[in-house]
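Going down the list, the protein sequences come from chains S and Y.
Following the numbering used here, the residues of the first sequence are numbered contiguously, the last one being 129.
Following the numbering used here, the residues of the second sequence are numbered contiguously, the last one being 417.
In this text, a Cβ means the ideal position worked out from N, Cα and C, and glycines have one as well.
In what follows, a single structure is set out as structure tokens and then discussed.
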Amino acid sequence: MNRTDFVLHLIGEIAHYILDAEPMRMVISLHQEEDGLHLAILDSVPRDENELKTIRASLNNARRPELAGYYGNMAGYDSLGAARLNLIGWQVKGADVNSSDSGTKIDLWLGGDRFDPQTFSIPDSGEME
Amino acid sequence: MGGAVISGVVSEGFSSVLRGFQVIQTHPARLVNDFTVAASEGAALVNAVAVALIGLVLVRVNGVKLSGPTVAGVFTLFGFGLFGKTPLNIAPIMVGVYLAARIAGKEFRDYSIIALFGTALGPLVSLLAFELTEPSAMQLGIAMLGGILVGIVLPAAAIAMLRLHQGYNLYNIGLTTGFLALFVAAVIFGRGGQLAGGGLWNETPSMMLRLLVPISSAVLVTGGLIGGGREALRSFGRILKLPGRLPSDFMDIESIPGTLINMGVMGFALWGYVLAVGADLNGPVLGGIFTVMGFSSFGKHPRNVWPILAGVILAALAFGKELSAPGVILGALFGTTLAPLAGDFGVVAGVIAGFLHLSIVLRSGAWHAGIGLYNNGFAGGLTAGLIVAVIEWYRSNRTRVKPARSGSISSGGKRSS
Numbered sequence: 001m002n003r004t005d006f007v008l009h010l011i012g013e014i015a016h017y018i019l020d021a022e023p024m025r026m027v028i029s030l031h032q033e034e035d036g037l038h039l040a041i042l043d044s045v046p047r048d049e050n051e052l053k054t055i056r057a058s059l060n061n062a063r064r065p066e067l068a069g070y071y072g073n074m075a076g077y078d079s080l081g082a083a084r085l086n087l088i089g090w091q092v093k094g095a096d097v098n099s100s101d102s103g104t105k106i107d108l109w110l111g112g113d114r115f116d117p118q119t120f121s122i123p124d125s126g127e128m129e
Numbered sequence: 001m002g003g004a005v006i007s008g009v010v011s012e013g014f015s016s017v018l019r020g021f022q023v024i025q026t027h028p029a030r031l032v033n034d035f036t037v038a039a040s041e042g043a044a045l046v047n048a049v050a051v052a053l054i055g056l057v058l059v060r061v062n063g064v065k066l067s068g069p070t071v072a073g074v075f076t077l078f079g080f081g082l083f084g085k086t087p088l089n090i091a092p093i094m095v096g097v098y099l100a101a102r103i104a105g106k107e108f109r110d111y112s113i114i115a116l117f118g119t120a121l122g123p124l125v126s127l128l129a130f131e132l133t134e135p136s137a138m139q140l141g142i143a144m145l146g147g148i149l150v151g152i153v154l155p156a157a158a159i160a161m162l163r164l165h166q167g168y169n170l171y172n173i174g175l176t177t178g179f180l181a182l183f184v185a186a187v188i189f190g191r192g193g194q195l196a197g198g199g200l201w202n203e204t205p206s207m208m209l210r211l212l213v214p215i216s217s218a219v220l221v222t223g224g225l226i227g228g229g230r231e232a233l234r235s236f237g238r239i240l241k242l243p244g245r246l247p248s249d250f251m252d253i254e255s256i257p258g259t260l261i262n263m264g265v266m267g268f269a270l271w272g273y274v275l276a277v278g279a280d281l282n283g284p285v286l287g288g289i290f291t292v293m294g295f296s297s298f299g300k301h302p303r304n305v306w307p308i309l310a311g312v313i314l315a316a317l318a319f320g321k322e323l324s325a326p327g328v329i330l331g332a333l334f335g336t337t338l339a340p341l342a343g344d345f346g347v348v349a350g351v352i353a354g355f356l357h358l359s360i361v362l363r364s365g366a367w368h369a370g371i372g373l374y375n376n377g378f379a380g381g382l383t384a385g386l387i388v389a390v391i392e393w394y395r396s397n398r399t400r401v402k403p404a405r406s407g408s409i410s411s412g413g414k415r416s417s
């Protein structure tokens, strides 16, 4: 799977999850660099701390290459049933999930072993919104 | 597993078991060849343990976590080691999947689950090596090459098949290997003269075979209770609420003790069902139960399995089939591959799925001459694909836009509540 397909499927799955909550607004922002990329997803649905914790746990799964390499390919393809954030969690380097002024903001960091999200040059949340 | 080897060797003697083990390696492996009568019960158990150990080594060497899918894989290898898989016929397929990983620029562990389950095409290797013509070194080479080639194709096909049923058929590799086996059978038998399926079925299994499941189940339940106490029972209760759609690693989502209890309970339940309908607890039936026990760490639990079983029973009664008949009992055990349909869409969907499953699985084995060992996974995949397509079509045409959850948004993009 090339990079474009990979990103498309991740966006599909996360968009599925966001849309299941019936938001009035969803914004997906992508910033790419050579070694990695950052996806920021914002919606208009306020979530309580328990919900945020569940999302965080799903997106920050331990890396499971044996699941990512096989079942991870379902990400963004399935339209039935609930969206499954763990399909994304197995494939990303890390994820931040926080409440924003108007809803929820999810940051996904993807990249190879050389990729360090801490030094990744992305716009701050103010610019993104 | 150690217990299975010891009981096999003790009951029949080391040299007898060794001879039987050798017989199994060169025996036809297509559906349904019960190794407990092809050689002996002890030899079949030793073969099953050897096959499962290869799976365990593959998991450990590649640094893959021993969790729901890998436990399911190892239990499935053990189960099918009683009626179709041998160390000799699974090795080339694993090599093929390894080569596929290299071709795709991935590590072998990325495809390790495909390698474990893809061994369902083991009978192809046995067919090419020992069934078509007189065995020879050249024929063995052709068989190895055939196994490697299908192994190379497996990952691509398996990933595509996942998208057909969207994770509602737990034995996705069954659908994949059945699909590939259609082409393989068509090529091999292109000049006519298709071989009939195997017909070995142990009708008088010993007490050792009959007690294998309850003993294993008791060990699992006890292990779960010792490991987790009352919390393990609460965890088991939470597992019962999960839909089970692929990939649902109960050990990861819930807990290891709760999962062990679920595996043990499922073992006891299906063993009781087999006894209740008067079926034989032989190699294939034990293979079915052990596969279900394995998948009870990866999608199956009593609540999502019973509607499928009910559907299979209804179909058998409607078609005038004995519930203990080989095809029906295997359909009932392995048909639970469709459990996520009941888990996600309810009892009615599960019963319909079970009914349709038995209808098709009684025919689908002949399509590929029994080369794909997971025939129920193949039929289950077709059934799940049909049901998922209908549900998806219905929902996509009936769904209306609902009011948003968080109020409206002004033209400036700011939300107002």
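Buried/exposed call for residue i, threshold 16 Cβ in 10 Å
i	result
Y/Gly-13	exposed
Y/Glu-254	buried
S/Arg-84	buried
Y/Gly-375	Note on identity: in this sequence residue 375 of chain Y is Asn, with Gly being the wrong assignment. By the 10 Å Cβ count, Y/Asn-375 comes out buried.
S/Glu-49	exposed
S/Tyr-71	buried
S/Asp-101	exposed
Y/Met-161	buried
Y/Val-49	buried
Y/Arg-245	buried
Y/Ile-6	exposed
Y/Ser-15	exposed
Y/Val-10	exposed
Cα-Cα separation, residue i to residue j
i	j	result
S/Glu-127	S/Lys-105	The predicted position of S/Glu-127 is uncertain, since its pLDDT is 44 and thus under 50; no value can be drawn from it.
S/Ala-15	S/Val-92	16 Å
Y/Ser-411	S/Ile-18	Confidence is the limiting factor: at Y/Ser-411 the pLDDT is only 34, short of 50, which leaves the residue's position unreliable and the question unanswerable from this model.
S/Ala-40	S/Asp-107	5 Å
Y/Leu-170	Y/Pro-307	15 Å
Y/Thr-337	Y/Gly-377	7 Å
S/Thr-4	Y/Ile-159	18 Å
S/Pro-46	Y/Asp-110	37 Å
Y/Tyr-98	S/Trp-90	21 Å
Y/Leu-200	Y/Pro-284	10 Å
Y/Glu-107	Y/Ala-101	6 Å
S/His-31	S/His-38	5 Å
Y/Leu-382	S/Ala-75	21 Å
S/Ser-44	Y/Arg-395	25 Å
Y/Gly-392	Y/Gly-385	Here the sequence assigns Glu to residue 392 of chain Y, which means Gly is not the residue at that position. Going from the Cα of Y/Glu-392 to the Cα of Y/Gly-385 covers about 10 Å.
S/Gly-12	S/Tyr-77	7 Å
Y/Ala-232	Y/Arg-191	57 Å
Y/Arg-415	S/Ile-28	Any answer about Y/Arg-415 is weak, because its pLDDT of 37 lies below 50 and its placement is not dependable; what the coordinates show is given next. Roughly 17 Å between the two C-alpha positions.
Y/Leu-225	Y/Gly-258	8 Å
Y/Gly-223	Y/Leu-314	36 Å
S/Pro-65	Y/Gln-22	36 Å
S/Asn-86	S/Asn-61	7 Å
Y/Ser-417	S/Gly-103	Residue placement at Y/Ser-417 is flagged as unreliable, the pLDDT there being 32, under the threshold of 50; a coordinate-derived value is accordingly withheld.
Closer than 8 Å: residue i CB and nearest the ligand FMN heavy atom
i	result
Y/Ser-40	Although the ligand FMN was asked about, the structure shown includes no ligands whatsoever.
Start-to-end residues for the alpha helix (DSSP H) that takes in residue i
i	result
S/Ser-58	49-59
Y/Ala-310	302-318
S/Ile-14	3-20
Y/Leu-82	First-last for Y/Leu-82: undefined, no H or E at that position.
S/Pro-65	65-68
Y/Gly-377	375-398
Y/Gly-294	283-295
Y/Arg-163	137-165
Y/Leu-356	347-367
Y/Gln-25	14-25
S/Asn-86	85-89
Boundaries (first-last residue) of the beta strand (DSSP E) holding residue i
i	result
S/Glu-33	26-33
S/Trp-109	104-111
S/Gly-94	94-99
Y/Leu-66	Run containing Y/Leu-66: none; DSSP gives neither H nor E here.
S/His-38	36-43
Within-9 Å CB hit, residue i to chain C
i	result
S/Asn-50	No chain C is present in this structure, whose protein chains are S and Y.
With 7 Å as the limit, tell me which residues of the stretch 354-381 of chain Y have their beta carbon closer than that to any beta carbon of chain S; keep them in chain order. none
Residues from the stretch 235-246 of chain Y in contact with chain S, defined by Cβ distance under 9 Å: Pro-243, Arg-245, Leu-246
Beta carbons nearer than 7 Å to chain Y: which residues of the stretch 72-105 of chain S have them? Asn-73, Met-74, Tyr-77, Asp-78, Ser-79, Leu-80, Gly-81, Ser-102, Gly-103
If you scan the stretch 196-271 of chain Y from start to end, which runs of the alpha helix (DSSP H) of 4 or more residues do you find wholly inside it? 207-239, 250-253
Give the residues from the stretch 54-69 of chain S that approach chain Y closer than 9 Å (Cβ to any Cβ), ordered along the chain. Asn-61, Ala-62, Arg-64, Pro-65, Glu-66, Leu-67, Ala-68, Gly-69
Just by C-beta distance, which residues in the stretch 155-166 of chain Y are closer than 8 Å to chain S? Pro-155, Ala-158, Ile-159, Leu-162, Arg-163, Gln-166
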